[in-house]
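full-length UniProt numbering numbers the first residue of the sequence shown as 4 and each following residue consecutively.
For every residue, glycine included, the Cβ atom is placed at its ideal position computed from N, Cα and C.
What you are looking at is a predicted structure, and each value in this text was computed from that prediction instead of being measured.
Since the structure comes first, as structure tokens, the remarks are kept for the end.
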Amino acid sequence: VKKIAVLTSGGDSQGMNAAVRAVVRSGLYFGLEVYGVQRGYQGLLNNDIFPMDLRSVGDIIHRGGTVLQSARCKEFRTLEGQQKGAQILRDRGIDGLIVIGGDGSYQGANKLSQQGINTMGLPGTIDNDISFTDHTIGFDTAVSVVVDAINKLRDTMSSHERSSIVEVMGRHCGDIALHAGLASGAETILVPEVEFNMDEVAERMKQNFAHGKRHSIIIVAEGVGKGEDVAAELVKRFPTNDPRVTVLGHIQRGGTPTAFDRNLASRLGDFAVRQLIEGQSDKACGIIKGELVATDINTVVSTKKPFNMDLYELALRLSQ
Ligand code: F6P
4 VKKIAVLTSG GDSQGMNAAV RAVVRSGLYF GLEVYGVQRG YQGLLNNDIF PMDLRSVGDI
64 IHRGGTVLQS ARCKEFRTLE GQQKGAQILR DRGIDGLIVI GGDGSYQGAN KLSQQGINTM
124 GLPGTIDNDI SFTDHTIGFD TAVSVVVDAI NKLRDTMSSH ERSSIVEVMG RHCGDIALHA
184 GLASGAETIL VPEVEFNMDE VAERMKQNFA HGKRHSIIIV AEGVGKGEDV AAELVKRFPT
244 NDPRVTVLGH IQRGGTPTAF DRNLASRLGD FAVRQLIEGQ SDKACGIIKG ELVATDINTV
304 VSTKKPFNMD LYELALRLSQ
């Protein structure tokens, strides 16, 4: 490859900028021409493509969001859209594309590779729901945001001896809930991967208060349902409990990326460029046990990420 482009797609995540920076600077270092695509696949179809130099990615490593902006694009799900996108890249002489995003973005990259474009996917999502990588870019920061919020909730909940129900993001994946729950000592973690019984949740909470706990935190992954609905079910079973619900929402997608996410993004961005130079295509880049790996995108999108039950049980053991 001689000319490559980079885009960010789907829901943004903290560390996407660090990944863009790594792609641009490594690409230039290895003698490639590097282009940015504004607004994801929508920008590609609009031919919103511009050359990037060393300075164009200055002062962004610490910023949340994505300077390339992001979009969800329906047109790109059609064959015509994919053919048009590939043609726009070919017309500009761009033969490699690095896509930073989640599952849907990976599927787009896979379709473009079927149209003859060399593609690489980088896992950019707070959800940590991509298989063949232990971490996605943004997950660590999102978990820190949740933990920070729970620290604050604890203060006021203990003063009033209340329980706190915190609804977190993650789409169909419970990883944000699990990792934030373990880190914040939550008493209950409700995730889509593990069945639960509201009677048991309520009973456990009663016991906790009876045994001297001054507050109780329930984390609800959005894949399970709404925090408000969990609160209503809880009150039915434990009427003297007066829970408060907090929906953290898009706050989880903002803020400066942690050092972990910046370093992950930097390593993965550079790795994706080197993979393209080595002639690889249609791969998703990830990190497994500290080692960088490239896996066929099709395999990645068709494999559900396993849930870490050991961690889940540990969180419950430690929060008694
Ligand atoms: O995939 C990231 C994510 O933040 C999910 O956790 C959430 O379900 C979704 O995106 C929200 O999407 P939107 O930003 O379009 O509301």
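Please confirm whether any heavy atom of the ligand F6P lies closer than 7 Å to the CB of ILE103.
Outside the cutoff, so no.
Closest by C-alpha distance to ASP158, when choosing among GLY68, PHE53, ARG217:
Ranking GLY68, PHE53, ARG217 by Cα distance to ASP158 puts ARG217 first.
List the whole-angstrom C-beta distance separating GLY104 from THR128, where the pair is believed to meet the contact cut-off of C-beta under 8 Å.
A Cβ-Cβ separation of about 7 Å places GLY104 in contact with THR128 under the 8 Å criterion.
Nearest candidate by alpha-carbon position, reference PHE212, set LYS155, THR243, THR249:
Of the candidates LYS155, THR243, THR249, the residue whose Cα lies closest to the Cα of PHE212 is THR243.
Whole angstroms are fine: how far does the CA of GLU231 sit from the CA of VAL238?
Roughly 11 Å between the two C-alpha positions.
Report yes if the C-beta of ASP130 is less than 7 Å from at least one heavy atom of the ligand F6P; otherwise report no.
Checking the Cβ of ASP130 against the ligand F6P gives yes.
Just to confirm my understanding: we take SER221, look at its own chain, exclude 5 residues before and 5 after, and list those with CB closer than 6 Å. What are they?
The displayed chain sequence assigns Ile, not Ser, to residue 221. Taken in chain order, the residues that qualify are ILE168, THR191.
Residue 324 by DSSP, collapsed to three states: which one?
Missing from the structure shown is residue 324; the chain here goes from 4 to 323 and no further.
Would you check whether the ligand F6P has a heavy atom nearer than 7 Å to the C-beta of GLY18?
No, Cβ of GLY18 sits at least 7 Å from all heavy atoms of the ligand F6P.
In chain order, which beta strand (DSSP E) runs of at least 3 residues are fully inside the segment 292-319?
Runs of the beta strand (DSSP E) spanning 3 or more residues and lying entirely within the segment 292-319 occur at 294-299, in chain order.
For HIS253, is the beta carbon positioned less than 7 Å from some heavy atom of the ligand F6P?
Yes.
Assumed close pair MET201, GLU236 - CB separation to whole angstroms, cut-off 8 Å
Their Cβ separation, rounded to whole angstroms, is 5 Å, which keeps MET201 and GLU236 in contact under 8 Å.
Within the segment 147-199, note down every full alpha helix (DSSP H) run reaching 4 residues or more, in order along the chain.
Here the runs fully enclosed are 178-187.
Enumerate in chain order the residues of its own chain whose CB-to-CB distance from VAL197 is below 8 Å, with the five nearest sequence positions on each side excluded.
Only GLY177, PHE310, MET312, TYR315 meet the Cβ criterion.
For ASP273, which residues in the same chain have their Cβ closer than 6 Å to its Cβ, ignoring the five residues on either side in sequence?
Excluding positions up to five away in sequence, the list reads ALA25, SER29.
Beta strand (DSSP E) segment containing ILE221, residue limits
Counting along the chain, the beta strand (DSSP E) containing ILE221 begins and ends at 219-224.
Proximal residues to ILE291 (C-beta, below 6 Å), its chain only, five neighbours per side dropped
Same-chain partners within the cutoff: ASP137.
Residues that DSSP places opposite residue 326 in a beta bridge
One cannot answer for residue 326 here, as it falls past the ends of the chain, which runs 4 to 323.
I'd like the list of long-range same chain contacts for GLU78, defined as Cβ closer than 7 Å, with 5 residues on each side in sequence excluded.
Only LEU48, GLY84 meet the Cβ criterion.
Mapping DSSP to helix, strand and coil, what is ASN121?
Strand at ASN121.
At least 3 beta-carbon pairs within less than 8 Å: the segment 35-53 vs the segment 282-296
Touching, no, given that fewer than three Cβ pairs across the two stretches are closer than 8 Å.
Could you tell me if HIS182 is buried or exposed, where buried requires 16 or more neighbouring beta carbons within 10 angstroms of its beta carbon?
Label assigned to HIS182: buried.
Which term fits LYS307, buried or exposed, when burial requires 16 or more other beta carbons within 10 angstroms of its beta carbon?
Around the beta carbon of LYS307, a 10 Å sphere encloses fewer than 16 other beta carbons of the protein chains shown; the residue is thus reported as exposed.
Can you tell me which of GLN86, VAL102, SER322, ARG66 puts its alpha carbon nearest to the alpha carbon of ILE7?
If we check each option's Cα against that of ILE7, VAL102 comes out closest.
Measuring only from the beta carbon, is GLY173 closer than 7 Å to any heavy atom that is part of the ligand FMN?
The ligand FMN is not among the ligands present in this structure, which contains only the ligand F6P.
Going by CA-CA distance only, name the one from GLU170, PHE135, THR144, LYS87 that's closest to SER116.
Among GLU170, PHE135, THR144, LYS87, the Cα nearest to that of SER116 is on LYS87.
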